[in-house]
Amino acid sequence: LQNGVKILGMAGFAGDPLWRQNVAGRPLLDPFLATIFYISLPLFLWKMGDKKYAFLLLWLATAVLPSLVTINAPSSIRMINILPVLPLFTAVVIHNRGRLSTVIPNLSTVFVNILGVAVLGYHIWWTAVSMFQIWPQNEEVRFVWQAGLTQTAVFLDHQPITAPAAIAGWSPDTMDVPTMQLTLRRDDIPLSHFNPLDGTLILPAANGAIYRPAILDLHPYWQNQLAAWGATEQAHGEFVETRLPDGFVPEVGQGGKTAVFANQLQFLGYELVGSQELVTYWRVLAPPTAASRLFVHQLDAAGNLLGEDYRLDALDPQAIWFPHWRPGDLILQHHDLSAPLADTATLRLGWFNPYTCAPGPCQNLLTQTGEPFLLLEIGD
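The sequence shown stops at residue 388 when you use the working numbering, and every number in between is there.
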C-alpha cells in the first residue's frame with residue numbers, strides 16, 4: 009500500500025529516490041501535465057467499458073507492478089514499460105481542449121498561447137540543467153557510471169608513451185578491469201588495479217603513473233607517504249594523476265626474511281607504524297592465476313592468536329574475479345591491526361584463495377619451501 013501511494017505520487021509529487029537514473033525525487037511530469045494525468049485516471053476508470061481505455065489501464069497496472077512489490081519505490085527503471093502509454097493518458101484530456109475553447113472563447117487567446125510556450129521553454133531549460141549539470145555532479149552517479157575511469161581511459165588513449173599505469177577504483181578484482189577494457193581503445197598499456205579504501209597502494213613498474221577518480225581519495229597514510237616521496241599530483245577533471253620522481257624505489261623498513269608465494273608474490277619486508285598499524289611490502293613476480301587474499305595474524309609468545317587482518321581479493325557473491333596485478337608491481341599494504349603490537353611476539357602472514365574456503369579448509373599459496381605462511385618475529 010505504501011509503495012502504491014509513492015507510485016501514484018511519482019507523476020507530480022516525488023519521483024525515483026535514487027540518483028542512478030535521474031535527479032533523485034524529481035517528479036515524472038511537470039505540474040501542468042501531472043494535473044492532467046491525475047484528471048485522466050478517474051476518466052479512464054469511468055470509461056473502462058470501452059476496450060481501448062481498459063487496455064491502457066491494464067498496461068499501466070502491469071507496468072507499475074515490478075516497483076510495487078520491491079524496494080525503493082517508485083523506481084523509474086522498474087516501471088520503464090509505462091513510457092509507451094503514459095503520453096496517452098494526458099493526450100486524452102488535452103484532446104478536449106479544442107472543444108472547450110468553443111465554449112470558452114478566451115481560452116485560446118494569444119496571451120495564453122504565449123504563456124504556454126513560455127512554460128514549455130522553462131520546462132525544457134530546467135530539464136537540461138538537471139540532466140547535464142546537476143545529475144552528473146552527484147557522487148553516486150559518478151560512481152555508478154564510472155566517470156573517473158572513463159575519463160582516465162580517454163586520457164590514456166591520447167598518451168604517446170606506453171608506460172604501465174595503476175588504476176585506483178572501488179572494485180579492482182571484479183568490475184574495474186572489464187570497465188577499462190571496454191573504455192580503453194588501446195591494449196599496449198599494462199594496467200594494474202587496486203582499492204585505496206582497503207589501505208592498498210600499487211606502484212607500477214617502470215615509474216608508471218597512478219590514476220584515481222577525483223571522488224576517491226587514497227588512504228591517508230599513503231597520501232602522506234607520496235607527498236614525502238616527492239610525488240606530484242595533477243587534476244584532470246574527473247580523475248587525478250600522481251607521478252613519482254623518475255627512478256624512485258621506496259625503502260623497505262624491516263628486511264631480514266623474505267619469501268615467494270606460489271611463484272607469484274614476493275614478500276619484501278614490513279614496517280611497524282604506531283601502536284597498532286603495520287605496512288607490508290610485496291612485489292608481483294607473475295600474474296595471479298586466482299583470487300589471492302592477504303592475511304596477517306598476530307600471535308603472542310605462546311603462539312596464541314591475538315588478532316587478525318585480511319586485505320585484498322575478497323569473496324565476491326557472484327564469484328567474479330579478474331587478474332588485476334602485473335609483474336613488476338609493488339604492492340604496498342597498510343594494515344589496521346586489532347591487537348597492540350606491544351603484545352605481539354610473532355606475525356604470521358601469507359596468502360589464500362578465498363573461493364576455496366567453502367566448505368574449506370582454505371587453500372594457502374605455498375612458499376618456495378612448501379610452507380603455507382611466513383612467521384616473523386617482531387624485530388626481524
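Where a beta carbon is used, it is the ideal one built from N, C-alpha and C, also for glycine.
Every value quoted in this text rests on a predicted model; they were computed, and no experiment measured them.
The shortest C-alpha to C-alpha distance from L226 to any of A174, G336 and S84 is the one to A174.
Taking the C-beta atoms as reference points, Q274 is found nearer than 7 Å to R291. Check the Cα spacing between P335 and each of Q272, Y278, T240 and P380: the tightest is with Q272.
Distance between Q29 and P144, taken at the CA atoms: about 11 Å. Q159 is positioned such that its CB atom lies no closer than 7 Å to that of G216. Between L211 and L293, the C-beta spacing is not below 7 Å. In the structure shown, T135 falls within a helical segment according to DSSP collapsed to helix, strand and coil. As DSSP reads the structure, D317 sits in a beta bridge with V304. In the displayed model, E259 falls within coil according to three-state DSSP, outside both helix and strand. A222 carries a coil assignment under DSSP once its states are collapsed to helix, strand and coil.
DSSP places F330 in no beta strand (DSSP E); its state is neither H nor E. According to DSSP, Y289 shares a beta bridge with G277 and L340. In the DSSP assignment, V127 forms no beta bridge with any residue. With at least 16 other beta carbons inside 10 angstroms of its own, R220 counts as buried. Judged by their CB atoms, V31 and I197 are not nearer to each other than the 7 Å cut-off.
Distance between T182 and Y318, taken at the CA atoms: about 18 Å.
When secondary structure is reduced to three states using DSSP, N232 falls in the helix class.
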